[in-house]
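Colleague:
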Amino acid sequence: MNLNDPQELASLLEAFLLASGKANSLERLFELFEEAERPEPGLFKQALEHLAKSCEGRAFELVEVASGYRLQVRERFAPWVGRLWEERPQRYSRAMLETLALIAYRQPITRGEIEDVRGVAVNSQIVKTLLEREWIRVVGYRDVPGKPAMFATTRSFLDHFNLKSLDELPPLAALRELEPEPALAFDDDPAVPEGLQARVDAAAAEEETIEVSEETSFSSLLAELDSMEVGLKTDFDDLAVWPGEQDEPALGQDTQDDTDEDRPVAEEEPVSGN
């Protein structure tokens, strides 16, 4: 095999990504080659571009996310590919999606600050579930009495929603301005803003299909954040990280009563990403 030929190298990288079944960084791909045979970085870029073009017109595509590059089923096939799995899909409550949205858009944020915005106590199980899914992590502790933990999203969160960085999150202002448009739906699902629908569908194509319900769609939760955020503390200059603990999940203040209603809002069905 001529590893100096971008086309042949592209085929080899395709084999690596298909066999891996997950995102791989450029550094990881470099490590798969012996030093004497390792192609130049510029050649790697050319090969990846060639691979992306070769996926045009096929059922899968090359996507760059926070963890690197991966091959995944195109989003438009998600509703059909999801039928391969018969088990009952996991359901998420409105409270969980609200909490995740606030962390994503207002990080770093404490549990108490989330409660100030939402107006109700945060169920301990919600924080535990988000930590177990590795969608959020503790990044420090607020320098106030009680030292409450501050939460932020993780690379796994970005990977799940097909995001390369937080900069790719749709702006809240843009979400407010978007008018709902008719969308292909099953079971009387409501229309979802086009930009956000594409983001959610992309995540569903890689891992699980998310079904949106009328009262609690993820897009409507994000669109409500501006009205919910009144009084939210935004001065994060007092960030204090305790050595050795910033990567260890913690539930923060778990003494709050569990008052969130567990209203199911979205369903996820696992989808083969390869």
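Residue numbers for the sequence shown follow the working numbering, beginning at -6 and rising by one.
Glycine is no exception: its CB is placed at the ideal position from the N, C-alpha and C atoms.
1. Return the first residue and the last residue of the beta strand (DSSP E) that Q65 is part of.
2. For T303, which residues from the same chain have a beta carbon less than 8 Å from its beta carbon, with the 5 sequence-adjacent residues on both sides left out?
3. Looking at C-alpha atoms only, which residue of K15, F144, L41 is the closest neighbour of N269?
4. Thinking just about the alpha-carbon of each residue, which of E125, F150, Y98, L(-4) is nearest to the one in P164?
5. Have a look at the DSSP bridge pairing and note the partners of Y98.
6. Pull up the CB-CB distance for Y62 and N17, whole angstroms please, since I reckon it's below 8 Å.
7. One question on the structure: do A45 and P(-1) come within less than 8 Å of each other, judged by their Cβ atoms?
8. Measure from the alpha carbon of L90 to the alpha carbon of each residue in N(-5), F150, E42, R67, then state which is nearest.
9. What residue does the beta strand (DSSP E) around A142 start on, and which one ends it?
10. Is the beta carbon of T103 closer than 8 Å to that of E127?
11. Who are V58's beta bridge partners in DSSP?
12. For S149, does the three-state DSSP call read helix, strand or coil?
13. Please check the pair A59 and K157, which I expect to be a contact at CB under 8 Å, by giving their CB distance rounded to whole angstroms.
14. Using C-beta distances below 7 Å, list every residue in its chain close to L6, excluding the 5 sequence neighbours before and after it, in chain order.
15. CA-CA distance, E1 and A29?
16. Is DSSP giving V131 helix, strand or coil here?
17. I need the DSSP call for F26, collapsed to helix, strand or coil.
18. Helix, strand or coil for P236, going by three-state DSSP, please let me know.
19. What did DSSP end up calling S117 once you bin it into helix, strand or coil?
20. Can you tell me whether L77 is buried or exposed, with buried defined as 16 or more other CB within 10 angstroms of its CB?
21. Buried or exposed: which applies to D152, given that a residue is buried once 16 or more other Cβ atoms fall within 10 Å of its Cβ?
22. In terms of residues, what are the limits of the alpha helix (DSSP H) holding D109?
23. Can you give the beta carbon distance from L11 to L64, rounded, assuming they're within the 8 Å contact cut?
24. Pull up the CB-CB distance for A52 and I96, whole angstroms please, since I reckon it's below 8 Å.
25. Does DSSP classify E172 as helix, strand or coil?
26. L159 to R135, Cα distance in whole Å?
27. Hey, could you find the ends of the alpha helix (DSSP H) K38 is sitting in?
28. Expressed to the nearest angstrom, what Euclidean distance is found between the alpha-carbon atoms of N(-5) and L19?
Modeller: Once the coordinates are examined:
1. 61 to 66
2. The structure shown does not extend to residue 303, since the chain spans only -6 to 267, so no value can be given for it.
3. Past the edges of the chain, shown from -6 to 267, lies residue 269, and the structure says nothing about it.
4. Y98
5. None; Y98 has no bridge partner.
6. 6 Å
7. no
8. F150
9. 142 to 146
10. no
11. G61
12. helix
13. 6 Å
14. L22, A40, L41, L44
15. 17 Å
16. strand
17. coil
18. Bear in mind that a pLDDT of 47 at P236, under 50, signals an unreliable position, so the number given afterwards is only what the model happens to contain. Looking at P236 - three-state DSSP - the assignment turns out to be coil, as it is neither helix nor strand.
19. helix
20. exposed
21. buried
22. 104 to 111
23. 6 Å
24. Not confirmed; about 34 Å, so no contact.
25. Residue confidence is low: E172 scores 37 on pLDDT, short of 50, so the model does not pin down where it sits. Its coordinate-derived value is still stated next. The answer is coil: DSSP assigns E172 none of H, G, I, E or B.
26. 22 Å
27. 34 to 47
28. 19 Å
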